[in-house]
Amino acid sequence: MVSPRTNQLMFIGLTGFMSIICLYRGITAGESYQQLIAYIGTILCLLIMFLLIWGLKYYKK
Numbered sequence: 001m002v003s004p005r006t007n008q009l010m011f012i013g014l015t016g017f018m019s020i021i022c023l024y025r026g027i028t029a030g031e032s033y034q035q036l037i038a039y040i041g042t043i044l045c046l047l048i049m050f051l052l053i054w055g056l057k058y059y060k061k
C-alpha cells in the first residue's frame, strides 16, 4: 500500500504537470476566451499545488 505522503507527492507532480499544460494552451490558443480559460486553469492548478506543498509541512510522520 502506498503511504498518504507518497500519494500527496504524486498529486503535487500531477498538478504541476497540468499547470504546464494549461500555460502552454494559454500561450498557443487562438481565441481570447480560450486563453482566459487556460490561464484560469493554470492559476487553479498552481494554487492546488502550493496548497498540497504547504500541507506537507503539517503532515504527521
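Under the UniProt record's numbering, the first residue of the sequence shown is numbered 1, with each subsequent residue one higher. Each residue gets a CB set at the ideal place from its N, CA and C atoms; glycine is no exception.
Note to self: Using 8 Å as the cut-off, can you tell me whether the stretch 3-12 makes contact with the stretch 23-35, which would need three or more C-beta pairs spanning the two stretches below that distance?
What the structure shows: no
Notebook entry, point to check: With DSSP run on the structure shown, which of helix, strand or coil describes G41?
Noted result: helix
Item checked: Exposed unless 16 or more other CB atoms sit within 10 angstroms - verdict on M1 -> exposed
Notebook entry, point to check: Can you give the Cα-Cα distance for Y33 and L46, rounded to whole angstroms?
Noted result: 20 Å
Next item on the list: Can you grab the Cα-Cα spacing for the pair A38 / Y59, in whole Å?
Entry: 31 Å
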